[in-house]
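Asks:
There are 2 protein chains.
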Amino acid sequence: MGRGGCEVTVTATPAPSKSQQAYELLHERISAGTLVPGYRLVLSTLAAELGCSTVPVREAIRRLQAEGLVTFEPNVGATVAAVDATLYLHTMQTLAIVEGAATALAAPELTAADLVQARALNGELRACLADFDPARFTELNNRFHEALYGHCPNPHILDLVHRGWNRLNAMRASSFTHIPGRARQSVEEHEELLRLLESRAPAPEVEALARAHRMRTLNTYLAAAGEPPSAL
Amino acid sequence: MGRGGCEVTVTATPAPSKSQQAYELLHERISAGTLVPGYRLVLSTLAAELGCSTVPVREAIRRLQAEGLVTFEPNVGATVAAVDATLYLHTMQTLAIVEGAATALAAPELTAADLVQARALNGELRACLADFDPARFTELNNRFHEALYGHCPNPHILDLVHRGWNRLNAMRASSFTHIPGRARQSVEEHEELLRLLESRAPAPEVEALARAHRMRTLNTYLAAAGEPPSAL
DNA sequence: CCACACTACATCGTATACGATTTCATACAC
DNA sequence: GTGTATGAAATCGTATACGATGTAGTGTGG
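Heads up: the sequence lines are chains Z and C, in that order.
Count along the first sequence from 1, then add 78; that gives the number in the numbering used here.
Count along the second sequence from 1, then add 78; that gives the number in the numbering used here.
(1) Using a Cβ cut-off of 7 Å, pull out every chain C residue sitting near N244/Z, in sequence order please.
(2) Can you tell me whether DSSP reads F150/C as helix, strand or coil?
(3) Within 8 Å, do at least three Cβ pairs link the stretch 174 to 188 of chain Z to the stretch 288 to 299 of chain Z?
(4) What distance in whole Å lies between the Cβ atoms of L183/C and P231/C, which are believed to be in contact at a cut-off of 8 Å?
(5) Under 8 Å, Cβ to Cβ, is there at least one residue of chain C near K96/Z?
(6) With distance defined between alpha-carbon atoms, name the residue in S109/C, A125/C, P280/C nearest to E187/C.
(7) Here's the rule: buried if 16 or more other CB atoms are within 10 angstroms of the residue's CB, otherwise exposed. What is R241/C?
(8) For the ligand SAH, is there any heavy atom lying closer than 7 Å to the beta carbon of A144/C?
(9) Taking the CB atoms as reference points, tell me whether G129/C and A160/C lie closer together than 8 Å.
(10) Below 8 Å between beta carbons: does that hold for L246/C and L271/C?
(11) I need the DSSP call for A208/C, collapsed to helix, strand or coil.
(12) Pick helix, strand or coil for N297/Z, following the three-state DSSP scheme.
(13) Given a threshold of 16 other Cβ atoms within 10 Å of its Cβ, counted over all protein chains shown, does G146/Z qualify as buried or as exposed?
(14) Between which two residues does the alpha helix (DSSP H) harbouring T112/Z extend?
(15) Please identify, using Cβ separations under 8 Å, the residues of the stretch 225 to 241 of chain Z that lie next to chain C, in order along the chain.
(16) Helix, strand or coil for T157/C per DSSP?
(17) Along chain Z, in chain order, which residues have C-beta atoms closer than 8 Å to that of R140/C?
(18) Using only the alpha-carbon positions, how far apart do V148/C and L113/C sit?
(19) To which residues of the same chain is R221/Z closer than 7 Å at the C-beta, ignoring the five residues directly before and after it?
(20) Quick check on L188/C: does DSSP put it in helix, strand or coil?
(21) Out of E269/Z, S122/Z, T216/Z, point me to the one whose CA is closest to Q195/Z's CA.
(22) Between L274/Z, N297/Z, R289/Z, which has its C-alpha nearest G259/Z's C-alpha?
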């Protein structure tokens with residue numbers, strides 16, 4: 079009826095399906111640490127809480143399973159994945175490899191403006207060292223690296239990097255929280271990486287440095303935990 | 079009741095859920111090329127064919143989507159992913175990176191027996207060159223590489239490698255089918271890789287060679303298609 | 001003859017309901 | 001008292017049904 083044409087539609091998200099909502103909520107809760115590892119995810123309970131049926135919840139859980147945030151056992155149910163020290167090691171090692179490659183592939187695509195922006199972010203990181211807030215530092219650190227590898231022309235690799243970051247954020251073992259010294263060291267390594275990128279160094283060098291940066295974070299953590307450093 | 083103890087259970091798969099069956103069937107059909115790219119996957123049709131409801135089919139399709147074998151559009155449906163030359167490039171490039179890393183990580187774990195077995199597989203590959211059967215060659219090639227990276231102690235990376243192989247197998251662009259010369263060259267490179275592994279070379283060398291091997295396959299393909307070689 | 005609006009169909013998204021499997025508590029035999 | 005069998009409760013897996021969304025075909029006005 080209403081000849082009125084475009085009815086505001088309240089700027090609403092056009093189609094936030096229940097599955098998507100359930101996925102986002104669970105993802106956020108796991109990332110935020112509200113749901114501790116080992117927590118049992120019961121379909122009916124979650125469905126009631128979300129005000130929907132079990133089917134969308136089920137789908138959301140399967141997606142989380144595919145990303146490794148929850149473990150799933152047939153006819154038993156899903157639980158939030160436990161964060162073993164080994165799991166952290168494996169995730170960081172994987173991220174070191176794919177992020178290193180992504181950064182190297184993105185390097186030729188980076189404009190001068192991109193580098194300026196990245197440098198600004200690292201400046202904020204440096205400023206953040208004074209009154210240290212781990213959450214903010216981690217957030218800025220994410221954005222800094224995203225600025226570098228974000229232009230990677232290979233969407234698959236980019237996807238793998240994002241998954242790796244997701245898993246890291248899900249496990250609350252943000253290294254900076256546990257090893258204060260690492261944050262300052264990290265900022266310096268960022269500086270070094272920026273210089274290498276600005277000099278338009280060849281891809282293998284960029285890849286090696288980007289990978290080493292993350293491996294050093296991992297090995298600092300391992301050393302603090304009294305374990306031997308990892309290979310690669 | 080039956081005091082008879084262990085009742086044979088017909089050696090049956092304990093619980094092959096419908097979702098799993100649907101997933102396996104679709105995966106196989108896409109890999110085998112029965113379902114050509116662009117084919118529209120309709121839930122109700124597939125459900126009728128499988129003798130089940132749409133719900134398991136839906137779940138199977140979402141899994142295939144996560145693996146990149148099908149594309150999905152909300153409220154529209156799923157189609158078998160088109161195999162662009164670009165997609166092939168990206169998949170191979172990603173596989174080169176993760177498989178190279180996996181092979182390097184697995185290298186120290188390889189026993190002499192493993193290497194003997196790998197060498198035997200490469201012998202079969204060489205024998206296969208005479209009466210060339212692309213399908214058999216591809217199959218043997220898979221097993222050869224699996225023997226090398228299979229012992230990778232990082233399950234995440236191993237998973238990424240398997241996903242990469244899956245995607246490659248799904249797109250029927252098995253390079254050996256199109257570029258006959260590549261098969262023989264590939265066998266020689268395998269030999270070189272085996273020698274490096276037998277000499278217990280350091281990880282970076284193994285990684286570089288394993289990556290280069292795959293990148294050469296990719297670049298041979300690109301050259302045949304008249305396109306410039308890829309970086310990295 | 002072309003552009004637009006409307007109607008009918010196809011397909012997805014989700015709710016509800018039921019059967020299958022697992023797990024836990026209890027009772028019994030030894 | 002311990003181990004095993006039995007029952008009930010809980011939870012998952014799937015089927016069916018209905019509403020929401022998108023698409024194609026048809027008709028009308030210019």
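Beta carbons: idealized from backbone N, C-alpha and C, even for Gly.
Replies: Taking the structure as given:
(1) Ordered by position in chain C, no residue passes the 7 Å Cβ test against N244/Z, which lies about 12 Å from the chain.
(2) strand
(3) yes
(4) 6 Å
(5) no
(6) P280/C
(7) buried
(8) As for the ligand SAH, it is missing from this structure, which has no ligand bound.
(9) no
(10) no
(11) coil
(12) helix
(13) buried
(14) Neither: T112/Z is in no alpha helix (DSSP H) and is coded neither H nor E.
(15) N232, P233, H234, I235, L238
(16) strand
(17) E137, R140, R141
(18) One alpha carbon belongs to V148/C, the other to L113/C, and they sit about 11 Å apart.
(19) The residues are L199.
(20) Under the three-state reduction of DSSP, L188/C is assigned to coil, being neither helix nor strand.
(21) E269/Z
(22) N297/Z
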